[in-house]
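One structure below.
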Amino acid sequence: MGSASPGLSNVSPGCLLLFPDVAPRTGTEKAASGAMGPEKQEWSPSPPATPEQGLSAFYLSYFNMYPDDSSWVAKVPEARAGEDHPEEPEQCPVIDSQASGSTLDEHSLEQVQSMVVGEVLKDIETACKLLNITADPGDWSPGNVQKWLLWTEHQYRLPPAGKAFQELGGKELCAMSEEQFRQRAPLGGDVLHAHLDIWKSASTSEEGWTDGEVDSSCSGQPIHLWQFLKELLLKPHSYGRFIRWLNKEKGIFKIEDSAQVARLWGVRKNRPAMNYDKLSRSIRQYYKKGIIRKPDISQRLVYQFVHPV
DNA sequence: TAAGAGGAATTTA
DNA sequence: TAAATTCCTCTTA
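Just so we're aligned, residue 255 is where the first sequence starts under my numbering, counting upward by one.
See the structure below:
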């Protein structure tokens, strides 16, 4: 299995500190900054200095400023209409207070990192649905490429570059180097290239993640624990260190890092006191409901979906 | 010692 | 009201 491009798999913790102004914020801090100073509206991503570090820092910049999912939905059709103020920042998962500032420990960094990647993947998924394009840029028609360009330009306030990539299909686009992107679009070409890299990584590593099967995040219904677990399992690139399939066909999975899974669940449900003891109690409630059980050969931290997909 | 099991009361959406 | 949370005791590996 080929490793994904630098973007998603190698967001090194050190990179999180590249730009002090994009340090992750706690929910409280975000709320406090909710008044949204003008700098937020004028934010635009700085071109990465190098593909590797730039992309990593870029993720965090992105994570920090990304507007509400719904805000751009309405805006995409008139993306160039000029009235695109970011609205309330997306409610990001509450990040442990120790994760803000320069004393981030490795644990918190990993947590932030996985959240960032998770958010990026989720947003790509949303974009796919709304633009009606596939997650794999290699499959894009020239029309799809234009849609993607328009969306990305709009999201990151990049100068229009659609014309520079006219008639290019996804395959040609993917084959282009960062330098070629820069040549076609001196302003923002590198950022576009970085974004394409993210999409390429996502589509090569997250096979099947766009099927939306357990994408409960936009259903309006409160998420169930079993759905959440499936969500994590569907995104091994982001959460494989925490939870993974042992036998996907049989629905058998293993929680590799119980504390982290519990923490993520607590973040999702806004239950800061969540821990594995409580999470596992909830899992056990599923036994009599026939949703999850222990596998025939019981192992610690290993469970099985009764009705695997 | 962490995980597992399950009772029971409480909270939440 | 269902699902989840919280707290608990006891067992198991």
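Heads up, the beta-carbon is just placed ideally off N, CA and C, and yes, glycines get one too.
Compare the Cα-Cα distances from residue 449 to each of 522, 475 and 406 and report the closest residue. Ranked by Cα distance from residue 449, the options 522, 475 and 406 are led by 406.
When burial is assigned at 16 or more other CB atoms within 10 Å of the CB, is residue 516 buried or exposed? If you draw a 10 Å sphere on the C-beta of residue 516, you find 16 or more other C-beta atoms in it, and that means buried.
Residue 522 and residue 482: beta carbons closer than 8 Å? The answer is yes: Cβ separation under 8 Å.
Do you know offhand how far residue 400's Cα is from residue 411's? Roughly 16 Å between the two C-alpha positions.
Looking at the secondary structure, which residues open and close the alpha helix (DSSP H) in which residue 427 lies? First-last of the alpha helix (DSSP H) with residue 427: 424-429.
Three Cβ pairs or more, each shorter than 8 Å: is that satisfied between the segment 487-495 and the segment 532-544? Contact between the segment 487-495 and the segment 532-544 is absent, because fewer than three Cβ pairs lie under 8 Å.
Assuming residue 395 and residue 423 form a contact by the criterion Cβ under 8 Å, report the distance between their Cβ atoms to the nearest whole angstrom. About 6 Å; that satisfies the 8 Å criterion.
Using the Cβ count rule (16 or more neighbours within 10 Å means buried), how would you classify residue 557? That one is buried.
Out of curiosity, what's the CA-to-CA distance linking residue 480 and residue 519? If you draw a straight line from the Cα of residue 480 to the Cα of residue 519, it is about 11 Å long.
Cβ atoms of residue 504 and residue 562: under 8 Å apart, would you say? In contact: residue 562 and residue 504 (Cβ atoms closer than 8 Å).
Nearest-angstrom Cα distance between residue 498 and residue 531? Roughly 19 Å between the two C-alpha positions.
Hey, out of 451, 501 and 513, whose CA is closest to residue 549's CA? Measuring C-alpha to C-alpha distances from residue 549 to each of 451, 501 and 513 identifies 501 as the nearest.
Assuming residue 426 and residue 447 are in contact, meaning their beta carbons sit under 8 Å apart, how far apart are those beta carbons, in whole angstroms? Rounded, the Cβ-Cβ distance is 13 Å, inconsistent with contact.
Distance CB(residue 496)-CB(residue 485) smaller than 8 Å: No.
Roughly how many angstroms lie between the CA atoms of residue 451 and residue 514, to the nearest whole one? Between residue 451 and residue 514, the C-alpha separation is close to 27 Å.
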